[in-house]
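Protein chains in written order, with our numbering: chain F, -10 to 395; chain Z, 516 to 846; chain C, 2 to 295.
The beta-carbon is built from N, C-alpha and C at its ideal position, and this holds for glycine as well.
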Amino acid sequence: MSVLSRREVLKLGGAATAAGLGFPVVLRAQPKEIPMLGLWSFTGAFSDVGPVLDRGMKMALDERGMKIQGKTIKYITRDDETKAGSATRRAEEAIDADGVKYIIGPWSSGVALAVSEVAKRKKTFHYFSGGTEDISGARCHRYSFQWAASPYTAAKTVVDNFMQANPKAKRWHLLVADYAFGWSVEKYIREVGKGHGIEFVGADRHPLGEREFSNYVTKAAGNKPDVVAMINFGLDAVTGAREIFNFGLTPKVPLILTWSSGVEELVQLNPEIRENMWVGSNFYYTADTPVAREFVKSYQAKFGNPPGYAPAAAYGMTRMMLHAMDKAKSTEVPDVIKACEGLEVDDLVGRMKVDPKTHQTLRPYFFMRCKKKEAMKDAMDFADIIATGSTPLPAEYAACKDIGSL
Amino acid sequence: MIGEPLRGRPDERSGIKSWVAILAAVVLLPVFVRHAIATEIWIFAIFGLGLNLLMGYAGLLSFGQATFFGSAAYVAGYLLKYYGVNVFLALGVGIVVGAVSAAAVGYLCVQRSGLYFIMLTFALNQMFYFTAYQWTTVTGGEDGMPGIPRPSLLGFDIHRPLAYYSAVAVLFLLSLWVMKRIVESPLGKILQAIRENELRAEALGYNVPRMKLVAFVVGGAFSGLAGVLYAMLFGIVPLESIGFVFSGNVVFATLIGGSGSLYGPVIGSFVFIWLSESVSSMWARWPLLLGVAFVIVVLFFRGGVAEAWARFWVWRAARRAPGPVQADASR
Amino acid sequence: MGEGDDIVNVPLLFSQILNGLATGMLYALMGIGLSIITGVLNIPNFAHGALFALGAYFLYTLIQLIGNFWLALLLAPLGVGLLGVLIEYGGIRPLYKAGHDYQLLLTFGLSLIVTESIIIVWSPVGMSQLPPPILRGGVDLGITFYPKYRLFVMGSAALLVLGAWLFLEKTRYGAIMRAGIEDKEMVALLGIDIHRLFTAAFALGCVLAGIAGALTAPIRGLNPWMGVDMLGIAFVVVALAGLGNLLGSIVAGLLVGLAQSLVALVWPEASVAVIFAVMAAVLLVRPQGLFGIR
């Protein structure tokens, strides 16, 4: 290898050093700046959502002209690599070296728990979009907030509305991801199901990351259910739905995806697989609120496709954080936290209120029905929203007994 | 084959110069680089030293070093988190767990040679990984084990990044010194002999499998130390720390640095961590560059950066002197 | 586990056995391909999983382009094989003098390159590939209802395995390849171009990995890391069978597939780890594998 190429390599290296490592002194935020961290996945299992989460948060910040309370917003992103370890590192780095005090993200629940620990330790404001109950439950603390609806809300919305559309479907088979979150949703579905006289003819738990769903499908089919309800997410949900179709169970028997990200999962399937699929989600782009309509319109104009859950969540969380800053008339973390507790606004998905006791956002959950191929107006027209529900988690189930102090 | 001294390799003769360079690096690094990244570089270097004893000196390509790194991290992390043990105990436990798990894995692997050995180290790593993945009650599974504390060391509070960096840097220098003594000892020579010609070493009366096992255990001890330090650095034991990608990373780093030299893993750790931190924030697909860099190193620069650096000096000397090149004079 | 759960549940057991055979056949294909490469070239091909994934992605794109599943199923593995030729010629062969370790490390680096390239070309989002219409839905086997496509995979994988075996046992080229596994020097002395043999062996291994991937796509869908688990399992199959032992790879593949699906019935969480544990146990007792002789 000639020396010339080595020089080029060194040059690139020099540029990379300057860009990537930098000098801590220079990067520390000026007093008139508010650094905010978007902790997204650009590599790893969820690397497809990183770029769109980034879009969502940026859109919400741009709406304010990158300014809040007279200060300039400095928006930085870091790749959590969909890994708890990397997320912890990058979040800490951003806090120590860049002076970040506000963190939005990450996408994955497991990773979020680790980040939540960092937020508590470093006293930074943290808003998270996933479903794990722990953040507003057993591991609650003053610094983390949860944007997604409670799994109880999800279960109630799904079961109530499905039964309304299919009153005769009394025999349910459940396919649950073997994970604390899965168990919670299962518990709530059974609770709500009692009121409808549902008979749970079968329930199987599958390990996270399961690739081989065939045995679960065979068992499900063997129980001759009226409906199969899946409580899982991401690749597990997609793989499960695909297998259930391959075995010929759907579309004869309806399939419910209880907790879906909506577009992100549905796009990985085909119209044939989606037929007779019923989907519960925290956001769908045909949501009929002024904020959502505006958001979907600009997103579609900018990027060509309608937004899925990821960009909407990033957008929504950022807006909630900014609303809290408005209410507090300050950008100091303790003030914003206090303002966020009890915050009530009409925002992206409708009426949204932050429960001060658990930091859970109480808001509507969507229930949709997927369209047949012929009824789809375009490639992204997956489903229609048929109902929303916002029944909050009853107090007796709340695992957050004392959210603690700042 | 792996680890063989290559043309122009900088060797341990330039001992004093190397030590000065490394000391300078240790002192100056935190000035230019974020403390957490700097700490990670030395931790990874300790990890690499462990692998290099196997790969560079014994000629054993181990693709499962993360087994020992991760196991130590989990066990020590568990004790730190739930039993509040002190730092010395945690480090000691880490070293022991690393050594013991290496003994177990090594025992299975050293009986086989060549391809089987390599495939076995990989497959056993996968077994440990999937066990950690599924044993969520203990390891936290995919979420990892967060909330690892960093208790004070000898009364010093090491929470602040710079304080922890100093502690880790001292441990690294210590590890480097210990490894230097090991490779210069009879054990080191025997391992190199085994690498050169296993049959001859056996004919000379050395218990080859036993020696390999010893190398494994020592390498495992180093990996374990690195594992505990890693857990305390980020306050979390992530699942990846016991995974194949991590095993692969240390192989990449050691090879890129130069497996034929004691300092190769140190250079490699530098290059690897620095690249992965800086390039990954610019381009999400940076592993592609890593793969390409690796392929280039394997095809053209098998001695890694260490060799490339030495070759550069030889080249320069050849340019200056019109006559035959004195390979030594330029060093 | 679940309600209504009964291990002596015959339909469930039967379909689990079928599942095990289907995945086992795919494992056997992967095992044979890897065994040929390891046997002839003496390097464990760390890129084998990534090539498996590539086969699936080639299938997907070919179907988009030409609309015909069968043609795509034929061409996709050939594409992977062609890539194999390029890899062997451009990467592995130049490293012949440097030794096996470096050739192996090359495949390791390549696996990273292939996986990242897949993400760049096709995106990291998972995709679905439906089976051709004629193979959709299920068939009533009396005891249980089973998807047609999986039966097809079982059948075609079995045919391919048989074909590979026949090629290696009954044809001249196959004999040369087997001889190459046994004794390379002798083969070279007999005047056979050892380099062409290596290229052919590597390409054949890649073709088999590619077709395993292509067949899997409609069952498991596509995602860039679909080859990662496959690599480990392929290693297990080869280690169990004994290097270069082709019949052994078939049996070992089936055993692993069956073990996995039967363990999944009683202890789903351990179904992956158990494969590696079994391998460790077998190698402890019989280091040359179940059927190996060297």
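Buried versus exposed call for residue i [16 or more other C-beta atoms within 10 Å across all chains shown]
i                      : result
residue 172 of chain C : exposed
residue 10 of chain F  : Bear in mind that the predicted position of residue 10 of chain F carries a pLDDT of just 44, short of 50, making it unreliable; the figure below should be weighed with that in mind. Label assigned to residue 10 of chain F: buried.
residue 692 of chain Z : exposed
residue 174 of chain C : exposed
residue 65 of chain C  : exposed
residue 15 of chain F  : In this prediction, residue 15 of chain F has a pLDDT of 36, which is less than 50 and means its spatial position is unreliable; nothing more can be read from the coordinates.
residue 199 of chain C : buried
residue 12 of chain F  : Legend: pLDDT at residue 12 of chain F = 35, less than 50; position of this residue unreliable, no value from coordinates given.
residue 597 of chain Z : exposed
residue 37 of chain C  : buried
residue 248 of chain F : buried
residue 763 of chain Z : buried
residue 616 of chain Z : buried
residue 747 of chain Z : buried
residue 124 of chain C : exposed
residue 722 of chain Z : exposed
Start-to-end residues for the beta strand (DSSP E) that takes in residue i
i                      : result
residue 738 of chain Z : Counting along the chain, residue 738 of chain Z falls outside any beta strand (DSSP E), though it belongs to the alpha helix (DSSP H) covering 723 to 749.
residue 125 of chain F : Counting along the chain, residue 125 of chain F falls outside any beta strand (DSSP E), and DSSP gives it neither H nor E.
residue 768 of chain Z : No beta strand (DSSP E) holds residue 768 of chain Z; the alpha helix (DSSP H) holding it covers 759 to 772.
residue 434 of chain F : Residue 434 of chain F lies beyond the residue range present for chain F, which begins at -10 and ends at 395; the question has no answer from this structure.
residue 165 of chain F : 160 to 166
residue 376 of chain F : 372 to 378
residue 146 of chain C : 146 to 148
For residue i, the nearest candidate out of the options (CA to CA)
i                      : options                       : result
residue 338 of chain F : F:302, F:42, F:117 and F:183  : F:302
residue 195 of chain F : F:383, F:367, F:208 and F:189 : F:208
residue 778 of chain Z : Z:706, Z:694, Z:811 and Z:790 : Z:694
residue 749 of chain Z : Z:760, Z:790, Z:659 and Z:770 : Z:659
residue 131 of chain F : F:276, F:343 and F:379        : F:343
residue 237 of chain C : C:55, C:277, C:71 and C:118   : C:277
residue 154 of chain F : F:325, F:44 and F:267         : F:267
residue 270 of chain C : Z:652, Z:536 and Z:670        : Z:652
residue 99 of chain F  : F:54, F:161, F:171 and F:60   : F:171
residue 199 of chain F : C:261, C:164, C:35 and C:247  : C:261
residue 103 of chain F : F:86, F:128 and F:270         : F:128
residue 555 of chain Z : Z:629, Z:687 and Z:671        : Z:687
residue 31 of chain C  : C:150, C:288 and C:258        : C:258
Limits of the alpha helix (DSSP H) - the one that residue i falls within
i                      : result
residue 414 of chain F : Since the displayed chain F opens at -10 and closes at 395, residue 414 of chain F lies outside it and no answer follows.
residue 60 of chain F  : Per DSSP, residue 60 of chain F belongs to no alpha helix (DSSP H); it is in the beta strand (DSSP E), 60 to 68.
residue 182 of chain F : 169 to 185
residue 306 of chain F : 298 to 317
residue 135 of chain F : No alpha helix (DSSP H) holds residue 135 of chain F; the beta strand (DSSP E) holding it covers 133 to 135.
residue 273 of chain F : Element bounds for residue 273 of chain F: n/a, residue is neither H nor E.
residue 179 of chain C : 173 to 183
residue 90 of chain C  : Neither: residue 90 of chain C is in no alpha helix (DSSP H) and is coded neither H nor E.
Residue-level contact to chain A via CB, residue i, 9 Å cutoff
i                      : result
residue 351 of chain F : Absence of chain A from the displayed structure is noted, the protein chains being F, Z and C.
(request) Identify each residue in the region 556 to 572 of chain Z for which the Cβ-Cβ distance to at least one residue of chain C is less than 7 Å, and report them in chain order. (result) Along the region 556 to 572 of chain Z, none of the residues has a CB nearer than 7 Å to a CB of chain C.
(message) Which residues of the region 51 to 75 of chain F have a Cβ closer than 9 Å to any Cβ of chain Z? Give them in chain order.
(response) Here the close residues are 66, 67, 68, 70, 72, 73, 74 and 75.
(request) At 4 residues or longer, and completely inside the region 184 to 265 of chain F: list those alpha helix (DSSP H) runs for me, N to C. (result) 203 to 211, 223 to 235, 252 to 255 and 260 to 263
(message) Please list, in chain order, the residues of the region 252 to 285 of chain C that have any C-beta partner in chain Z closer than 7 Å.
(response) Cβ contacts with chain Z come from 270, 271, 273, 274, 277, 278, 280, 281, 284 and 285.
(request) Quick one: which residues of the region 646 to 659 of chain Z get their C-beta closer than 7 Å to a C-beta of chain C? List them in chain order. (result) 646 and 649
(request) Pick out the complete alpha helix (DSSP H) segments inside the region 76 to 106 of chain F, 4 residues or longer, and give them in chain order. (result) none
(request) With a floor of 4 residues, list each alpha helix (DSSP H) that falls wholly inside the region 644 to 684 of chain Z, ordered by position along the chain. (result) 651 to 654
(request) Determine which residues of the region 233 to 248 of chain C have a Cβ less than 8 Å from any Cβ of chain Z, and write them out in chain order. (result) 233, 236, 237, 239, 240 and 244
(request) Please list the segments of the alpha helix (DSSP H) lying wholly inside the region 547 to 611 of chain Z, counting only runs of 4 or more residues, in order along the chain. (result) 550 to 567 and 581 to 598
(request) Compile a chain-ordered list of the residues in the region 613 to 631 of chain Z whose CB is closer than 8 Å to at least one CB of chain C. (result) 623, 626, 627, 629, 630 and 631
(request) Quick one: which residues of the region 44 to 77 of chain C get their C-beta closer than 7 Å to a C-beta of chain Z? List them in chain order. (result) Those would be 45, in chain order.
(request) Check each residue of the region 117 to 132 of chain C: if its Cβ is closer than 8 Å to any Cβ of chain Z, include it; give the result in chain order. (result) Cβ contacts with chain Z come from 117, 118, 120 and 121.
(request) Anything in the region 205 to 221 of chain C with a Cβ closer than 8 Å to a Cβ of chain F? List those residues in chain order, please. (result) 219, 220 and 221
(request) Please specify which runs of the alpha helix (DSSP H), each continuous and at least 4 residues long, are wholly inside the region 771 to 797 of chain Z, giving them in chain order. (result) Within the region 771 to 797 of chain Z, the complete alpha helix (DSSP H) runs of at least 4 residues are 779 to 795.
(message) Residues of the region 800 to 827 of chain Z in Cβ contact with chain C at a cutoff of 7 Å, in chain order, please.
(response) 800, 802, 803, 805, 806, 807, 809, 810, 813, 814 and 817
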